[in-house]
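Chains as they are written, first to last, in the numbering used here: chain A, 375 to 760; chain B, 375 to 760; chain C, 375 to 760.
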C-alpha cells in the first residue's frame, strides 16, 4: 500500500473506477460481436423507430360527430298508400350522436286503440271455448293480456281475446323488395371533429385545403375523392361488401370506421382521417336471433272525442354507426429512453454471449481463459491464472 | 509495444475487447448472486409474463350495441285510466346507441294548451293582490311568465297568474308503488359487436357455438347461462345489488358492463365477454340533487279547430347504460424487448450489489480487494495493488 | 494450475465471477462520471417520477352521463305566434346519452299534407311550359318528385309542380336575432359517474363533500365554484370563447370536456373532474358546408277525416357534447421496473463514454491504456500490456 491511509472520502467519490480489459485479436469473435451489434441496431432503427414509432407517446382520439342525410323518395306499392318521404320521415330519431338510422322498410298498423280483440292465430292462442283462455294471463309470445274469452278470429278460427292496442300488428310478411329501396341513393354528410387532449391538437374531417364549392358537389370515393365527407348510402354498403337492396329488406347495421392514427411529429396538418366500412350485425342465420335491424315506435293521435289512437310502426332500416378510433403519437422522452434502454441492454448482452463462445467454442479457449480469468485461491491469498 | 504501429483501423474494429475477471470461490457470495438471479427470473416469468402479460401489445375494444326490449303490461291504478303498455309505449326513445330507457312510473298532464292559469301555491307565488305579481317576471322555480295579475288558485288561496302550458303539472306526488312495476319481468336482448382494429379481430357477444333455438328461450344467469345475451330486467337490478321495485318509483341508472379483456395469443375464438352490473346514479340523499332518473317530454296534438295541445309526460324510469370496455392483448416484439431489457438490467445490477457486499461485508474483503482492484499511482506511472 | 481438475460443476455454479477493475485518481474524469450519474438521477426522479409519473399503470376512464336542462321562455316575434316554451318543447330528443340539444331558432312549416304544389323558384325549377318538367324527375336540390306539369308559383313566376309535403318549406330566411335567445339563461345539471375498471375505483362529479342545499342554488364558475355541476348555457359559450346570441341564430356544437386524469396513489377521494369548454364545429365559412347545426323533424297529426298532416320543423340550436376523458394512474411494478431498467441502462452507458474520454482525450491516456487494456498476442501465447 503506497497510498496514505488518510485517503479522504471525497477523493474516494471522485476516483474513477474502470474495468480492466483484454483485447483479443481474433477476427472470428470480432465479426460475431460486430454483426450482433449491427442486428440490434437494425432492430432499433428499422423496427422500433420506423415501423412501430415506439419512441412516441400516444393519446387516444376524442371525437364528436354530426350527420346530415339528404334525399327523398316516392313509394307506390300494394303494401301502403302512395307516399312521399323526406328526411323528417325516414331518419329516426332526427339526430343521433354517433349513428343515424335510415328507414328502408316498414310495417304500419294504423288506427290502433286500447281495446279488446282476438289474438293472432298460433298453436298457443287458438281455443275451442272460454276454458282454454285464462283471464289476466300474460304470454310473452302473445300480443296482450288475455280476458278469458274465446272469440272468433275468422269464420273458421277461434282465438283467445286480449286487452291490447287493437287491431294487432301482423309482422310475418315483410315487404320485399324493400319499400324505400330508393334510400340507396340518399347521401349523408358526416362532420367529425377530433381532439388529442394530451397534445392539444384539434382536427376536423373537412380538411383545410378543401373549399366550399368542392364540398357542395363532391361524393366520397376511396380512390378519386378520399377526402370528401359526403357518402352515398349504397356505396357505403358496397364498400362493406354488402348489397344495399338485400340489407334494406330486413335492416342491418353498417359501421363507418374513421381511423385517426396520426404521427403528429410531422405537424398536425398532415393528420388525415382514413375511412373504412364493415357490416356489424350477423348475417349468418345459424347462431342468430332477430336477424336484421328493426324497432317499433308509435305516432300518437287524439280522436276528436279525446280518445288516444296510435299508428304503430315497425321500422326496418339500416343503422350507420360512425366509429371513430385511433391514437395520435408524438415524440416523448420517456418512451424513447425506455426503448433505447431496452436496446442497449440487448447490446450489453452480446459480450456475455461472445465471452461464452470465446471460452467454450474457440480452439484457443485455454489461452483466452488464462488471460481473461484469474482464479483466486483463498488458501494462498494469492491469485492464480486459470 | 510489440504490435506494429501500422495497426489498421479495420483490425481495431474487429478486435474483440472483453473484461478481465476474477473468480472468487466463496460459496456465500456465490449463493447470494445466484439467489438474486433466481428472484429476478421468477419475477420475469411469473409476474411479467404469466400475470401481467406485459409482453403483449394492447388495443382497446371498439364496440357497437343494439338492444331489443320485450314484454307488455296492463296498469289499472287510481292515478290514471286502465291502460295496456307495449314496447312502443315504454321504451323512449325507441332506439338508443349504448343505452335504453324503460319507463316505470309516470306523471301525465293531459290537455295542456298555451294559456294563462294561476301558479301552484308556494311561498314565492302566493299573493294578496296584483301588486305582489310582476308582469314578465320569470322565476326559474316557477312554472311560467307572470302576467302581473293575482288570481284565485282555490277558494282560499290566491297565486300569481302565469302564461304557460295550462293546466300546470303537479309532480309532488309520485305514484307508489310504481305504475309499471311489471317492467321487472321484461327482457332485453343485447347484441354487441366488437373490433380490435390493430389486430383485425372482430367478435360478437352471440358466440359461434350458440344456436338459434337456444337463443330463443335462454335467459342470462351468471352461473348457469353466462353466454346468453337475453337479460331479465329485475335480474339486472338484483345482480347490481338493487331492488327493482324500489328503483322503479323514482327511476335510476343501471350499468351493464361488458368486459372484453382478451388474450388473443390463444386465438380470437377464445375471446368471450364477461358481464357485470352496477348502479351508476347516487342513491345517497345527502350529497345529491334531483335523485333518481326522470325526464319530461310531450305528445303534441291538434284540436279540430287547429289549436295545439299536448300531453306532458314526466317519465320516471330506469336507464340501462351498456358500457363496453377492455383491451385485447397479443404478443408484440417491442413490449417483449422492453420487459426483457428491464429484467436484464436488474440482473446486471446484481453484480454491483454483490461486489459491494464482497468488498465491505466479507471477512476476506482485503484479499478480494487486492486482487480485484488495481490503484493507478499517477506519480509512479505504475499501478499498485490496493 | 493449482486447482484440481475435479472441480465439480456445482462449485462452478456457486463461484462468483467479478470483473477486475482499475481505480484512476483523476479528478477530471471522476467529476464527469459523477456529474453524468447525477444528470440521469435527476431525469429519473424529476421527469420520470414527478412530472410524467411513468411508474404508474394507467386505465382509461369509463363514463356515464345524465343531463337535466331547466328554464322556460316566452317568444313574441313576427315570425310566429306568441308562444311559451318549456323543457319538453326545446330539448330534442328529451334525453341523450352524452349530449343534449337546446333549440334556439326554428323555421316551422305547419299543416303540410301529401299533395302537389309548385316548386320554390330557382334557375333549375322555373319553367315556361310542361316540356321543361319531366314526370318522375327527382332533383336532389329540389323539394319533391316532378309531376311533369308547369304551374303558376306566383302571378309572374312559373315552376314545375312536384309531389311532396305541401306547402313547401322556405328556409332561406333564418329569424335573426334567434327566436329563443332567452335560452342563454337556461341551466343544465350534468351528472357524471365514472369508473376505472382496472383499479375498481368509482367516482361521481358530485363530490362527497358537497351537500344538497349547495347543489340547489350553486352555479358553475371556474374560479369561485369549480365543483358545482350546474352550468348556465351562456357561460359555457363564453368560456368556449363564443357569443351565445351569435351561435343561437344558426346553431353550433359546444363541447363540455370533463377531464378525469387522476393520480390514484393519493387515494380516490382526491380524484376530481376538471371542466373545460370548446366550440367543436367550424365557424370558418371558407372550407365549410352547412355551417351551424340544424336538423329537421316533424310532428304528425291526423285531421278529423283521417288524413295525415304534419308540422315540419327545421330546428336550429346548440348541441352540447359532454366528452369525458382521462386516465387514472396507480403505482405498478411493471412500469416501475421498466423505467428503472431504462434509467439504469443509461447509467451503465456512462462508463463506456468515460472510458472513451479516458483513452482518447486525456493527457495521460497512454498510461491509462497501458494499465487498463491488455493486448493478447496470440503468437506468443502471452499477454502484452499496450
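For every residue, glycine included, the Cβ atom is placed at its ideal position computed from N, Cα and C. None of these values were measured; they are calculated from a predicted model.
Neighbour-count burial assignment, residue i, 16 or more Cβ in a 10 Å radius
i: residue 413 of chain A; result: exposed
i: residue 547 of chain C; result: exposed
i: residue 419 of chain C; result: exposed
i: residue 621 of chain B; result: buried
i: residue 507 of chain B; result: buried
i: residue 596 of chain B; result: exposed
i: residue 749 of chain B; result: buried
i: residue 757 of chain A; result: Confidence is the limiting factor: at residue 757 of chain A the pLDDT is only 48, short of 50, which leaves the residue's position unreliable, though a coordinate-based value still follows. Its Cβ being crowded by 16 or more others within 10 Å, residue 757 of chain A is buried.
i: residue 598 of chain A; result: exposed
i: residue 409 of chain B; result: exposed
i: residue 644 of chain A; result: exposed
i: residue 574 of chain B; result: exposed
i: residue 615 of chain A; result: exposed
i: residue 569 of chain C; result: buried
i: residue 433 of chain A; result: buried
i: residue 585 of chain A; result: exposed
i: residue 501 of chain B; result: buried
i: residue 579 of chain A; result: buried
CA-to-CA distance, residue j to residue i, given in whole angstroms
i: residue 550 of chain B; j: residue 556 of chain B; result: 13 Å
i: residue 530 of chain C; j: residue 626 of chain C; result: 38 Å
i: residue 629 of chain C; j: residue 617 of chain A; result: 37 Å
i: residue 687 of chain B; j: residue 676 of chain B; result: 17 Å
i: residue 656 of chain A; j: residue 465 of chain B; result: 24 Å
i: residue 479 of chain B; j: residue 646 of chain B; result: 36 Å
i: residue 375 of chain C; j: residue 739 of chain A; result: In this predicted model, residue 375 of chain C has a pLDDT of only 39, less than 50, meaning its place in the structure is not dependable; the value taken from the coordinates is given anyway. If I take the Cα positions, the gap works out to 15 Å.
i: residue 524 of chain A; j: residue 497 of chain A; result: 14 Å
i: residue 731 of chain A; j: residue 729 of chain C; result: 25 Å
i: residue 699 of chain A; j: residue 472 of chain A; result: 12 Å
i: residue 745 of chain B; j: residue 396 of chain A; result: 16 Å
i: residue 423 of chain B; j: residue 576 of chain C; result: 29 Å
i: residue 654 of chain C; j: residue 431 of chain C; result: 31 Å
i: residue 443 of chain A; j: residue 461 of chain A; result: 7 Å
i: residue 455 of chain B; j: residue 487 of chain A; result: 14 Å
Option in the options with minimal Cα separation from residue i
i: residue 469 of chain A; options: A:665, A:430 and A:562; result: A:562
i: residue 590 of chain C; options: B:664, B:586 and B:653; result: B:664
i: residue 492 of chain A; options: A:682, A:539, A:459 and A:662; result: A:539
i: residue 534 of chain B; options: B:545, B:517 and B:543; result: B:517
i: residue 609 of chain C; options: C:645, C:712 and C:559; result: C:559
i: residue 451 of chain A; options: A:471, A:553 and A:483; result: A:553
i: residue 689 of chain C; options: C:475, C:401, C:532 and C:679; result: C:475
i: residue 512 of chain B; options: C:571, C:472, C:566 and C:445; result: C:445
i: residue 583 of chain C; options: B:694, B:524, B:660 and B:430; result: B:660
i: residue 667 of chain B; options: B:443, B:698 and B:691; result: B:691
i: residue 482 of chain B; options: B:684, B:744, B:701 and B:499; result: B:684
i: residue 388 of chain B; options: A:695, A:402 and A:569; result: A:402
i: residue 631 of chain B; options: B:624, B:612, B:613 and B:651; result: B:651
i: residue 448 of chain B; options: B:581, B:458 and B:723; result: B:458
i: residue 704 of chain B; options: B:724, B:619 and B:426; result: B:426
i: residue 489 of chain C; options: C:501, C:536, C:467 and C:502; result: C:536
i: residue 724 of chain C; options: C:658, C:415 and C:392; result: C:415
i: residue 544 of chain B; options: B:503, B:495, B:502 and B:592; result: B:495
i: residue 390 of chain C; options: B:733, B:399 and B:542; result: B:399
Do three or more CB pairs link the segment 633-640 of chain B to the segment 588-606 of chain B at distances below 8 Å?
-> Touching, no, given that fewer than three Cβ pairs across the two stretches are closer than 8 Å.
Runs of beta strand (DSSP E) lying entirely within the segment 653-682 of chain C, each at least 3 residues, in chain order | Contiguous beta strand (DSSP E) elements confined to the segment 653-682 of chain C occur at 668-676, taking only those with 3 or more residues.
Taking only runs that begin and end inside the segment 510-584 of chain B, name each unbroken beta strand (DSSP E) of 3 or more residues, in chain order.
-> Within the segment 510-584 of chain B, the complete beta strand (DSSP E) runs of at least 3 residues fall at 519-526, 532-540, 561-570 and 575-578.
Jot down the residue ranges of each uninterrupted alpha helix (DSSP H) in the segment 426-472 of chain A, minimum 4 residues, whole runs only, in chain order.
-> As far as the segment 426-472 of chain A is concerned, its whole alpha helix (DSSP H) runs of at least 4 residues are 461-464.
Using 8 Å as the Cβ pair cut-off and three pairs as the minimum, do the segment 708-726 of chain B and the segment 704-723 of chain A touch?
-> Result yes; three or more Cβ-Cβ pairs closer than 8 Å.
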